[in-house]
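Peer 1: Each residue of the sequence shown is one higher than the one before, counting from 30 in our numbering.
Attaching a single structure in structure tokens format; questions to follow.
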Amino acid sequence: MKKFRKVLDGLTTSTPVNPGGSPVCGSAAGTPSAAHTPRDLEIHETLMSEHFQICKTVRHGFPYQPTALAFDPVQKILAIGCRSGGVRVLGGPGVDCHCQHESGAAVLQLQFLINEGALVTACADDTLHLWNLRQRRPAILHSLKFNRERITFCHLPFQSKWLYVGTERGNTHIVNIESFVLSGYVIMWNKAIELSTKTHPGPVVHLSDSPKDEGKLLVGYEGGTIVMWDLRAKRADFRIYYDEAIHSVSWHHEGRQFMCSHSDGSLSMWNLRNTAKPFQVTFPHGKTQRDGKKESCKPILKVEYKTSRNSDAFVVFSGGLSYDKAGRRPTLTIMHGKAITVLEMDYPIVEFIVLCETPYLNEVQEPYAVVVLLEKDFVVVDLTQSNFPIFENPYPMDVHESPVTCTAYFADCPPDIIPVLYSIGAKHKKTGYSHKDWPVSGGVWNVGSQTYPEIIITGHADGSIKFWDATAITLQMLYKLKTSKVFEKPKTGEMGRSAELVEEDPYAVQMITWCPQSRIFCVVGISAHVILYRFSKNDANTSITSLEVRLQCEMEDVISPSDTENTPCFSDPSGHSPQLHSPRSNTPDSVRDSIPCLKVKDRMIRMPPGYQAELVLQLLWVDGEPPQQITSLDLNSAYGLLALGNCNGLAVVDYLQKTVLLCMSTVELYGSADPFQRLTRSPRKNRQSTSGLTELSDNQVSLDLERSKSPTSDHVNGHCTSPTSQPCAPGRARVPGGPEGARLARRGPGRPPFRKAQSAACMEVSLPVSSLTEESRENSFSRSRSSSVSSIDRETKEAVTTVQFAESYGRKSDSLPTPCLWVGTSLGLVLIIPISIPMDEQERLEDPVTVAPTGTVLMLKGSVLRFGFLDCGGALIQNPCEMWRDQHAPEDPDRPRKRKLVNFSPSSSQEASGDGHLAVVCSERQAKVFFMPSQACLYVHNITESSFVLRADIVSVCNSVCLACFCANGHIMTLSLPSLRPLLDISYLPLTDMRIARTFCFTNGGQALYLCSPTEIQRITYSQEMCDNLQEMLGELFTPIETPEAQNRGFLKGFFGGNAQTFDREELFGEAAAGKASRSLAQHIPGQGGMEGMKAAAGGVVGELARARIALDERGQRLGELEDRTALMMSSADTFSKHAHELMLKCKDKKWYQF
């Protein structure tokens, strides 16, 4: 290996290299450039292109903009349709499937083929679709497109293959479900109404069979007309004309009466014996006024009338409140006998369904629950208890409780972390739920063989953090953390100042950093603050340490060599020295200087078990300008250090000693190694020094590299600030040079102090270069951004876009790796900053930590996004970390608590520590692999020229590592490491979405996620192995269940109750009797027969095998169902034979008169 290092050193001296370290002859776009890789470096790469494939796995959260709802009472599965054309099918735990109509048309109505494993969807583009639910990934079997009429209502009778379809013109068509073609039988609107009627009855809003006679169809028209149509006689039995518009109709199970809901907030009851007028009209929420008239009420949009054997009937309806009660929330009303219960909902009601014990409409219904679909929530009410409690929802429907602003995905977590988080979170769960089991329990799901602990973390606009168990394609809430509890609530007098600082959501989470091994958690907020949390199983009474950092630096518009001076930005190590900050003033006319945006609680606080805040770091206002938002953050638990950066510079914090070690502008970090030779801005002429502040010398301070080797020396140049050294001056004090208008003008055109904290659904992408104009922000996805030297003239600030701690080499002359901080900027520059950390645990808490910028610079195209480190064998080097220990646990004198560090190698503790390693650096445009410590560029790959990378991660896939990238043009790419060979390049998203750009993240195991809507998380895989195993990981939507038998009605009831003759729909609606429908009326479109999930693999051997596997699965399901039915029939036959034999023996010796 020494020979290998010498070869590399000779290579760097002989090969011309630009300042970035890459060969001058750069590679073309899309092709890697191996910079004469030495023969000694032989890394066997195992990943090939066939290891990768993009596939959606599962979708979590509440269906966005729901429009329709359906329930299968036998299979006990539920379907929700959405405005975007999506359909979610839900069952028991793990049974959650998302389907999507390719047209994207809104779903108007859903109809299950009860206990048949199929679903009919009616969409806004006047198309009917038949979905096959007997496979784990449902697909469309048939489609029927109506050309001349618009679909308004559908009805499918139980155990019927004929679907009734009502249209906007008032006609009713009949569709054969098996062949999905129209019958020639049509109920025309002009035949349904009387000839003397002069007005059109309106669209069909209701269709239903009479429970008493299946040959009678009740047709409801919007204008108030109701027709009972005799299907056999092809004429109307009776017609009802009502003054108010009809919204819905519901039958009594005996079929003698029905109930209608109307637009005036009334309910009308009708008896079939007398249809001239309703025998009862009620206004449930309308009170009688003094003049005797009923007060006007809102429409009752839907009503359901359900009978119960042992109690009064249930009448459930939505709407109907009086208009005078402004501000009332949407309500669901339950009328049970004389009792009326009004349930207020948080959001408008989209649809509701009453769940009943029987699927037969002519039996006593026995309702037991109400499923209520709201615009942003999903509620199930228990009807079996008098107080009508709700069921505890097992689905993660509250992802959007507060808008999601950022996400993080951690695969293969420590196995003990999920039970611990769940046990802590379970203590804070709400109570008062129904004690009964969740009623939507259909389907079957088994935990797959390839499962490992996975955690998803979501940050929200209200400052809350949610931890989710994402193991085995499920999602379950583990623990919720509220970061706003760290800060004081603004008082009444301070509301104006707070409102001016941040328009709303001052606690919105922008970034998350989590170390699962040490359980240390860091949150970056929109108010330029960082909160560090430690995990403890015990409660604690403690105070929160607050550090304040003054991180502000400006560049001179025109650099003049005679007027240059260096004003480094430093902060007091303690964070509270009065001589570093000018007095705070709350008067609106004064210039805000050295004040944070939020006030941390400065008293003892009782913290419950879980994550407990230990340190808050806040950036300060400087000279009336608010602190810029933090763009990068990293934490290393083994080092005890935290680094953050924004468009002004970099700060490094020792969270063990609670001190700020480094606070410098980006330019100052370069020193003499700055490739652009920029100088910091000179102070304004009218600035005066404030008492207590120490001015720095006007001469530019050079970066003394040798001084950084001494941890005890006082560094006035920004290398190190230790608790034992004298506090450094923050530079010249700034005194206001103009009114507030001038200060706002310096922020940029139309730029407020803070953006409004929006959800990730509408947040703009945080571009690494913070000084882009509004126009360039809007066109950022289509316009190429230059990071060339000439762009320096346009850039006012260089942002720190990524930081990462690692065991690396800070200088070419280093022989052993030491703790370092890698810093990437928006101009494509990489700096390596060595850090000297005391090894002994006690010394670590007392002696200073030295941070010494060396001026080491590497260069790439575009903003730097990600760092990664490989050993000389190509394996990923894990970052050093500290194992978790509970700091608030009771003291054990026999076992004192000590820091246990993992992968931390000071000096020569590892055999291969001196062999060097590979550093992978990815920017918006290209990726490079450097060999350290020689800094030779081994490989270069230009990822994209026409777009830019939004997210890049170095991930483990198939026992190897690769670089995964997501571009702004929707492409997902993977590159091998270290050779940067393209392995995958797929245009996954046809159009780029800002919400996706902010939330997309990769993780190990070939998985990724993003927020596909404001309320839903979409998980995908880019691993071919997981695509192949996805079928067994998903839940079964359909399980063979015997259809319950209809109740025996009895001889007298059947004789006098009608329905004596069976109704043969085939004989009436078939082609032989009704003829063919007009071809121009509707067009049949054959479906893809369940091959949607195999599109990507179609045409190859993999596709054929996948198709064969699906066919075998379906055949196996059918054979299993047939076997179950055969066994049931054999059992019934044996029972019948036994009873017949017993009856024969009993009656064998009896005479005729004894019977």
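All C-beta atoms, glycine included, are put in the ideal place defined by N, C-alpha and C.
No experiment lies behind these values; they were computed from the predicted model shown.
#1: Please identify the residue among Thr75, Pro328, His80, Ile72 whose C-alpha is closest to the C-alpha of Asp1057.
#2: Measure how close the beta-carbons of Thr86 and Ile1049 come, nearest whole angstrom, since I'm counting them as under 8 Å.
#3: With Phe995 as the anchor, note down where its beta strand (DSSP E) starts and where it stops.
#4: Under 8 Å: do the segment 1093-1106 and the segment 1011-1026 share three or more Cβ pairs, one atom per stretch?
#5: Since Val118 and Pro167 are thought to touch, with beta carbons under 8 Å apart, how far apart are those beta carbons, to the nearest angstrom?
#6: Looking at the unbroken alpha helix (DSSP H) that takes in Gly678, where does it start and where does it end?
#7: By DSSP's criteria, Ile494 is part of a beta bridge. Which residues make up the other side?
#8: May I ask you to verify whether the segment 180-197 touches the segment 220-228, counting CB pairs closer than 8 Å and requiring at least 3?
#9: So is Tyr536 buried or exposed if we call it buried at 16+ other beta carbons inside 10 Å?
#10: Measuring only the C-alpha atoms, how far is Asn339 from Phe564?
#11: Taking all protein chains shown into account, decide if His1168 is buried (16 or more other Cβ within 10 angstroms of its Cβ) or exposed.
#12: Just checking my contact of Phe439 with Ile484 at CB under 8 Å: how many whole Å lie between their CB atoms?
#13: Since I believe Asn144 is in contact with Ile1070 (beta carbons under 8 Å), could you give me their beta-carbon distance rounded to a whole number of angstroms?
#14: Among the candidates Lys174, Ala262, Asp259, Cys692, whose CA atom is the shortest distance from the CA of Ala151?
#15: Indicate whether the contact test is met: 3 or more Cβ pairs, each with one atom in the segment 640-649 and one in the segment 551-562, closer than 8 Å.
#16: In angstroms with no decimal places, state the Cα-to-Cα distance between Leu1018 and Arg895.
#17: For Lys245, which residues does DSSP report across the bridge?
#18: What does Ala965 pair with, by DSSP beta-bridge criteria?
#19: For Arg264, which three-state DSSP category applies?
#20: Rounded to the nearest angstrom, what separates Ile369 and Tyr424 at their Cα positions?
#21: Cα separation between Ile109 and Cys126?
#22: Hey, could you find the ends of the alpha helix (DSSP H) Phe308 is sitting in?
#23: Determine the burial state of His276: buried for a count of at least 16 other Cβ atoms within 10 Å of its Cβ, exposed for fewer.
#24: Would DSSP call Asp411 helix, strand or coil?
#25: Where does Leu773 sit, in a helix, a strand or coil, going by DSSP?
#26: Contact between the segment 1030-1046 and the segment 979-999 is defined here as three or more beta-carbon pairs at a separation below 8 Å; is this criterion met?
#27: Of all the options Ser976, Pro1007, Ile1001, which has the alpha carbon lying nearest to the alpha carbon of Val990?
#28: Roughly how many whole angstroms lie between the Cα atoms of Lys306 and Ile269?
#29: With DSSP as the reference, identify every bridge partner of Trp299, one or two as the case may be.
#30: Reducing DSSP to helix, strand and coil, say where Ala499 ends up.
#31: Pick from Leu860, Met1002, Val986: whose alpha carbon is nearest that of Glu74?
#32: Cα separation between Lys1014 and Tyr968?
#33: Taking the alpha-carbon positions, what's the Glu953 to Glu974 distance?
#34: When the distance is taken between beta carbons, is Arg165 closer than 9 Å to Gly1064?
#35: Roughly how many angstroms separate the alpha carbons of Asp491 and Val256, rounded to a whole number?
#36: Taking DSSP's pairing of strands, which residues face Met540 in a bridge?
Peer 2: On the basis of the coordinates in this document:
#1: Locating residue 1057 in the sequence shown gives position 1028, counting from the first residue. Per the Cα distances, His80.
#2: Sequence index remark: in the sequence shown, residue 86 carries index 57 (1-based). Sequence index remark: in the sequence shown, residue 1049 carries index 1020 (1-based). That belief holds up - the Cβ atoms of Thr86 and Ile1049 are roughly 6 Å apart, short of 8 Å.
#3: In the sequence shown, the residue the question calls residue 995 occupies position 966. Here the beta strand (DSSP E) through Phe995 covers 989-996.
#4: Touching, no.
#5: Working through the sequence shown from its first residue, we reach residue 118 at position 89. Working through the sequence shown from its first residue, we reach residue 167 at position 138. At roughly 7 Å, the Cβ-Cβ gap stays under 8 Å, so Val118 and Pro167 are in contact.
#6: The residue labelled residue 678 in the question sits at position 649 within the sequence shown. Per DSSP, Gly678 belongs to no alpha helix (DSSP H); it is in the beta strand (DSSP E), 678-683.
#7: Residue 494 sits at position 465 when you count from the first residue of the sequence shown. Note: Ile494 sits in a beta bridge opposite Gly488, Leu510.
#8: no
#9: For this step, residue 536 is matched to residue 507 along the sequence shown. So Tyr536 ends up on the buried side.
#10: To locate residue 339, count along the sequence shown from 1; it is residue 310. To locate residue 564, count along the sequence shown from 1; it is residue 535. Cα-Cα distance, rounded: 53 Å.
#11: Stepping through the sequence shown from its first residue, residue 1168 is reached at position 1139. Flag for His1168 reads exposed.
#12: Sequence index remark: in the sequence shown, residue 439 carries index 410 (1-based). Sequence index remark: in the sequence shown, residue 484 carries index 455 (1-based). Confirmed, Cβ separation roughly 5 Å.
#13: Your numbering for residue 1070 matches position 1041 in the sequence shown. Your numbering for residue 144 matches position 115 in the sequence shown. Confirmed, Cβ separation roughly 6 Å.
#14: Within the sequence shown, numbered from 1, the residue matching residue 151 stands at position 122. Ala151 has its Cα closest to that of Lys174, out of Lys174, Ala262, Asp259, Cys692.
#15: yes
#16: Position 989 of the sequence shown holds residue 1018. Position 866 of the sequence shown holds residue 895. Counting only the Cα atoms, Arg895 lies some 23 Å from Leu1018.
#17: Position 216 of the sequence shown, counted from the start, is the residue given in the question as residue 245. Lys245 is bridged by DSSP to Asp259.
#18: Here residue 965 refers to the residue found at position 936 of the sequence shown. In DSSP, Ala965 forms a bridge with Phe960.
#19: On the sequence shown, position 235 is the one that residue 264 refers to. Strand, per DSSP.
#20: Your numbering for residue 369 matches position 340 in the sequence shown. Your numbering for residue 424 matches position 395 in the sequence shown. Whole-angstrom Cα-Cα distance: 30 Å.
#21: The residue you call residue 109 lines up with position 80 of the sequence shown. The residue you call residue 126 lines up with position 97 of the sequence shown. Distance between the alpha carbons of Ile109 and Cys126 is about 11 Å.
#22: Reading the sequence shown from its first residue, position 279 is the one you call residue 308. Element bounds for Phe308: n/a, residue is neither H nor E.
#23: Position 247 of the sequence shown, counted from the start, is the residue given in the question as residue 276. With 16 or more Cβ atoms within 10 Å of its Cβ, His276 is classed as buried.
#24: Residue 411 sits at position 382 when you count from the first residue of the sequence shown. Of the three classes helix, strand and coil, the one that applies to Asp411 here is strand, per DSSP.
#25: Looking up residue 773 in the sequence shown gives position 744. Here Leu773 scores only 34 on pLDDT, less than 50, and its place in the model should not be relied on; the value that follows carries that caveat. Here Leu773 sits in helix by DSSP.
#26: Put simply, the segment 1030-1046 touches the segment 979-999. At least three CB pairs are less than 8 Å apart.
#27: Against the sequence shown, residue 990 aligns to sequence position 961. Out of Ser976, Pro1007, Ile1001, Pro1007 has the C-alpha closest to the C-alpha of Val990.
#28: For this step, residue 306 is matched to residue 277 along the sequence shown. For this step, residue 269 is matched to residue 240 along the sequence shown. It is roughly 8 Å from the alpha-carbon of Lys306 to the alpha-carbon of Ile269.
#29: The residue given as residue 299 occupies position 270 in the sequence shown. DSSP output for Trp299 lists Phe287 as bridge partner(s).
#30: Locating residue 499 in the sequence shown gives position 470, counting from the first residue. Coil.
#31: One-based indexing of the sequence shown puts residue 74 at position 45. That would be Val986, whose Cα lies nearest to the Cα of Glu74.
#32: Within the sequence shown, residue 1014 is the residue found at index 985, counting from 1. Within the sequence shown, residue 968 is the residue found at index 939, counting from 1. A quick correction: the sequence has Asp, not Lys, at residue 1014. About 19 Å.
#33: Here the question's residue 953 lines up with position 924 in the sequence shown. Here the question's residue 974 lines up with position 945 in the sequence shown. Cα to Cα, the separation comes out at about 10 Å.
#34: The residue labelled residue 1064 in the question sits at position 1035 within the sequence shown. The residue labelled residue 165 in the question sits at position 136 within the sequence shown. Contact: yes.
#35: Residue mapping note: residue 491 aligns to position 462 of the sequence shown, counting from 1. Residue mapping note: residue 256 aligns to position 227 of the sequence shown, counting from 1. Roughly 53 Å between the two C-alpha positions.
#36: Locating residue 540 in the sequence shown gives position 511, where the first residue counts as 1. Partner(s): Val553.
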